[in-house]
Amino acid sequence: MTSTPAVTATPAKDRKASGAQQKLLAFASLIVLLVFFSLASPNFLQTANIIAILQATSVNGVLAIAATLVIITGGIDLSVGTLMTFCAVISGVVLTFLGMPLPFGILGAIAAGTACGLISGTLIAKMKIPPFIATLGMMLILKGLSLVISGTKPIYFNDTPSYPEISTGSLIGTIIPALPIPNGVLILFILALVIGYVLNRTVLGRYCFALGSNEEAVRLSGVNTDGWKMAIYALAGGICGLAGLIISSRLNSAQPALGLGYELDAIAAVVIGGTSLAGGRGSVLGTIIGALIMSVLLNGLRIMSVAQEWQTVVTGLIIIAAVYADMMRRRRMG
Amino acid sequence: MITRRTLFAAVSAAALVASAGVASAQDKLYIPLISKGFQHQFWQAVKAGADKAGAEFGVDVTFEGPDTEAQVDKQMDMLAAALAKKPAAIGFAALDSQAAIPLLKQAQEAGIPVIAFDSGVDSDIPVATAATDNVAAAALAADKMAELIGGAGKVALVVHDQTSRTGIDRRDGFVNEVAAKYPNIEIVDIQYGAGDQLQSTEITKAILTAHPDIKGIFGANEGSAIGVLNAIKETGTKGVIVIGYDSGAVQKAAIMDGSMAGAITQNPVGIGYETVKAAVAAAKGEAVEKNIDTGFYWYDKTNIDSPEIAAVLYD
Numbered sequence: 001m002t003s004t005p006a007v008t009a010t011p012a013k014d015r016k017a018s019g020a021q022q023k024l025l026a027f028a029s030l031i032v033l034l035v036f037f038s039l040a041s042p043n044f045l046q047t048a049n050i051i052a053i054l055q056a057t058s059v060n061g062v063l064a065i066a067a068t069l070v071i072i073t074g075g076i077d078l079s080v081g082t083l084m085t086f087c088a089v090i091s092g093v094v095l096t097f098l099g100m101p102l103p104f105g106i107l108g109a110i111a112a113g114t115a116c117g118l119i120s121g122t123l124i125a126k127m128k129i130p131p132f133i134a135t136l137g138m139m140l141i142l143k144g145l146s147l148v149i150s151g152t153k154p155i156y157f158n159d160t161p162s163y164p165e166i167s168t169g170s171l172i173g174t175i176i177p178a179l180p181i182p183n184g185v186l187i188l189f190i191l192a193l194v195i196g197y198v199l200n201r202t203v204l205g206r207y208c209f210a211l212g213s214n215e216e217a218v219r220l221s222g223v224n225t226d227g228w229k230m231a232i233y234a235l236a237g238g239i240c241g242l243a244g245l246i247i248s249s250r251l252n253s254a255q256p257a258l259g260l261g262y263e264l265d266a267i268a269a270v271v272i273g274g275t276s277l278a279g280g281r282g283s284v285l286g287t288i289i290g291a292l293i294m295s296v297l298l299n300g301l302r303i304m305s306v307a308q309e310w311q312t313v314v315t316g317l318i319i320i321a322a323v324y325a326d327m328m329r330r331r332r333m334g
Numbered sequence: 335m336i337t338r339r340t341l342f343a344a345v346s347a348a349a350l351v352a353s354a355g356v357a358s359a360q361d362k363l364y365i366p367l368i369s370k371g372f373q374h375q376f377w378q379a380v381k382a383g384a385d386k387a388g389a390e391f392g393v394d395v396t397f398e399g400p401d402t403e404a405q406v407d408k409q410m411d412m413l414a415a416a417l418a419k420k421p422a423a424i425g426f427a428a429l430d431s432q433a434a435i436p437l438l439k440q441a442q443e444a445g446i447p448v449i450a451f452d453s454g455v456d457s458d459i460p461v462a463t464a465a466t467d468n469v470a471a472a473a474l475a476a477d478k479m480a481e482l483i484g485g486a487g488k489v490a491l492v493v494h495d496q497t498s499r500t501g502i503d504r505r506d507g508f509v510n511e512v513a514a515k516y517p518n519i520e521i522v523d524i525q526y527g528a529g530d531q532l533q534s535t536e537i538t539k540a541i542l543t544a545h546p547d548i549k550g551i552f553g554a555n556e557g558s559a560i561g562v563l564n565a566i567k568e569t570g571t572k573g574v575i576v577i578g579y580d581s582g583a584v585q586k587a588a589i590m591d592g593s594m595a596g597a598i599t600q601n602p603v604g605i606g607y608e609t610v611k612a613a614v615a616a617a618k619g620e621a622v623e624k625n626i627d628t629g630f631y632w633y634d635k636t637n638i639d640s641p642e643i644a645a646v647l648y649d
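As they're listed, the protein sequences go chains A and B.
Just so we're aligned, residue 1 is where the first sequence starts under this note's numbering, counting upward by one.
Just so we're aligned, residue 335 is where the second sequence starts under this note's numbering, counting upward by one.
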């Protein structure tokens, strides 16, 4: 059960071939953007700015990885943004309100995320509520709970001086001083490697794709689809907990009103990266490239002093263009 | 194949843009303003003031702010991008002062002066702050309210939020003035509607239902004040004195038709203008005043058209 070709040879090969091409397309777009902005402004290709771009990607990238898992199963998770906030608030409660040591805060955030993901998964798999509705409900519940628990005020982590290190410290920088990549970015890349492995090399990953391709067929072949679905939503929830740690550590505070709208940024990154909203197709690498495209684009337009209203227009155009290019390529391939 | 061709085309296009665009902008001072918002008319008026000062002093000014006042991290990304452009000075209105400290320190180390504006920054890094004295402005609203309801009766406040500096200052400015000067005025309720017109409407309806004998309501920002007006209109309530904050087409029309008694206006154009002016001075190493009071005014039907007031109102 470790590698795909033996069982479902043809679809797997197709999937991999098309995935590779889309990644190439997305990667090429990313390079084009980088070259373009480097030529347009001498301030773009500076270490500090590249690090700023990576840091801006870290939260959206982690959320987008969570969204990728769910979207590959043919579902959707609208609660990733507010779940992230909820987990940040839980971390604040554990560390600041209860005064417990740092590891408990980290554990609390990830456990809260996993639990909420499991609830979403249960609503969808057992109670048969459509994913869009179930996670829309969760999105609002969690937004409200974050405000209730925090007392509508930001929770600061001043009692845990090492808290900002989770995101803004640099483990790589202490080893290679010339490369002060923030830990938040390091977490994103490690997570990408781990989830990439899970998707391509484990049973969970295989069922992720299988559920998205043909859930009925999977069920009829005797697989406990409900159980796997719940596991996948729980995993996605845990990843949102990680995003909650990264963002609250960067801001040194859990901001309870933040999070709404972040689910759309995450979904946009997933789609630009070539994951199909219809399910059954997608990759973590594509999503990371998608998230990078979004933050490079935004940063580059800012560096070029493009007016803010136009930045939004350009981002919208890029999303449509990316999906259109993907569709055209697939149509050509038949 | 496609990718290589596109890449080549894009690179040549980029080279063209680069050679055309950058050369002219190089020798001017560059001053980015990172604001708390962008879409509201208030921020657009701040931007207009900043642009005016930019043209006057011959500096390049950009103005950016997140979509909502909750998006603290997006504001950090904007500030980081602004710093990467090696600006001469930066104008900044913090959503969360504490979260911004690392980047502000970075600016300080790079020798980039920071001018705080609007709600300011809770830190000693900014060399100057251009802002409205919101406590004094809300106290003036309380004085006007007392005058209009005859110094006695029940009043309520609809405020945008209880966490931001402006929300806290306007609430406390009003409440403390009433407590200090008007023993016969009772503040029966203070509610928060996130500056959202619809939420503020619902809140006000609840207040009107709970206190049918209420004499006056103070809406502490544009969205809150419009919400109060909507609720009064929808319920058909008569005789409640409404005092608003800031301007905008709806409040101006309400003052003209008498449904709003009057409002406090800040000077958003002045905030933008003074911020850029101070930034230019700081960039050139000149001394700047630490606290720049950009002023506020009471306006009602009688003075809404006077040149002094009309200049600071926006639609």
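Glycine residues also receive a C-beta, built at the ideal position from the N, C-alpha and C atoms.
- When C-beta distances to chain A are compared with 7 Å, the residues of the region 417–439 of chain B below that value are Ala418, Lys419, Lys420, Asp430, Gln432, Ala433 and Pro436, in chain order.
- Shown here for Val493 (chain B): same chain residues with a beta carbon closer than 6 Å to its own, the five before and five after excluded, namely Gly501, Arg505, Tyr526 and Ala554 in chain order.
- As DSSP reads the structure, Asp627 (chain B) sits in a beta bridge with B:Ala465.
- It is roughly 23 Å from the alpha-carbon of Ala178 (chain A) to the alpha-carbon of Ser162 (chain A).
- Under the Cβ criterion of 8 Å, Thr47 (chain A) is not counted among the residues facing chain B.
- Bridge partners of Phe426 (chain B) according to DSSP: B:Ile368 and B:Ala450.
- In the structure shown, the three-state DSSP call for Gly290 (chain A) is helix.
- Segment contact: the region 57–73 of chain A against the region 324–333 of chain A, fewer than three CB-CB distances shorter than 8 Å; contact not assigned.
- Annotation: the continuous alpha helix (DSSP H) that includes Lys611 (chain B) extends over Pro602 to Ala617.
- Within the region 75–127 of chain A, complete alpha helix (DSSP H) segments of at least 4 residues are found at 80–92 and 102–125, given in chain order.
- Phe372 (chain B) has a beta carbon lying within less than 8 Å of a beta carbon in chain A.
- Taking each of B:Pro447, B:Thr466, B:Pro546 and B:Gly392 in turn and checking the Cα distance to Val622 (chain B), the smallest one comes out for B:Pro447.
- Counting of Cβ neighbours within 10 angstroms places Ser221 (chain A) among the exposed residues, the total staying below 16.
- The region 34–53 of chain A makes no contact with the region 233–246 of chain A: fewer than 3 CB pairs, one atom from each, lie closer than 8 Å.
- Only those residues of the region 303–320 of chain A whose C-beta falls short of 7 Å from the nearest C-beta of chain B are listed: Ile303, Ser305 and Gln308.
- The straight-line gap separating the alpha-carbon atoms of Ala616 (chain B) and Ile424 (chain B) is approximately 10 Å.
- A distance below 6 Å between beta-carbons, with the five flanking residues on each side excluded, links Ile76 (chain A) to the following residues of its chain, in chain order: Pro131 and Phe132.
- The beta-bridge partner set that DSSP reports for Thr599 (chain B) consists of B:Tyr631.
- Listed in chain order, the positions of the region 227–251 of chain A with a beta carbon within less than 9 Å of a beta carbon of chain B are Ile247, Arg250 and Leu251.
- Among the residues of chain A, none has a CB under 8 Å from the CB of Val610 (chain B); the nearest is roughly 15 Å distant.
- Note on Lys567 (chain B): under 16 other CB atoms within 10 angstroms of its CB, so exposed under the neighbour-count rule.
- The Cβ atoms of Thr287 (chain A) and Val270 (chain A) sit closer than 8 Å to each other.
- Gln525 (chain B) carries a strand assignment under DSSP once its states are collapsed to helix, strand and coil.
- Residues of chain B whose Cβ lies closer than 7 Å to the Cβ of Lys153 (chain A) are, in chain order, Thr497.
- Counting only the Cα atoms, Lys439 (chain B) lies some 30 Å from Leu191 (chain A).
- Taking Leu147 (chain A) as the centre and dropping the five residues before and after it, the same chain places the C-beta of Pro256 and Ala257 closer than 8 Å to its C-beta, in chain order.
- For Gly485 (chain B), the closest C-alpha among the options B:Ala450, B:Asn518, B:Leu563 and B:Ile551 is that of B:Asn518.
- With the criterion set as a beta carbon lying under 9 Å from some beta carbon of chain A, the region 568–600 of chain B has no members that meet it.
- Contact between the region 397–415 of chain B and the region 427–442 of chain B is present: three or more C-beta pairs spanning the two stretches fall below 8 Å.
- In this structure Gln375 (chain B) is not in contact with Asp639 (chain B), their Cβ atoms being roughly 19 Å apart against a cut-off of 8 Å.
- Around the beta carbon of Tyr197 (chain A), a 10 Å sphere encloses fewer than 16 other beta carbons of the protein chains shown; the residue is thus reported as exposed.
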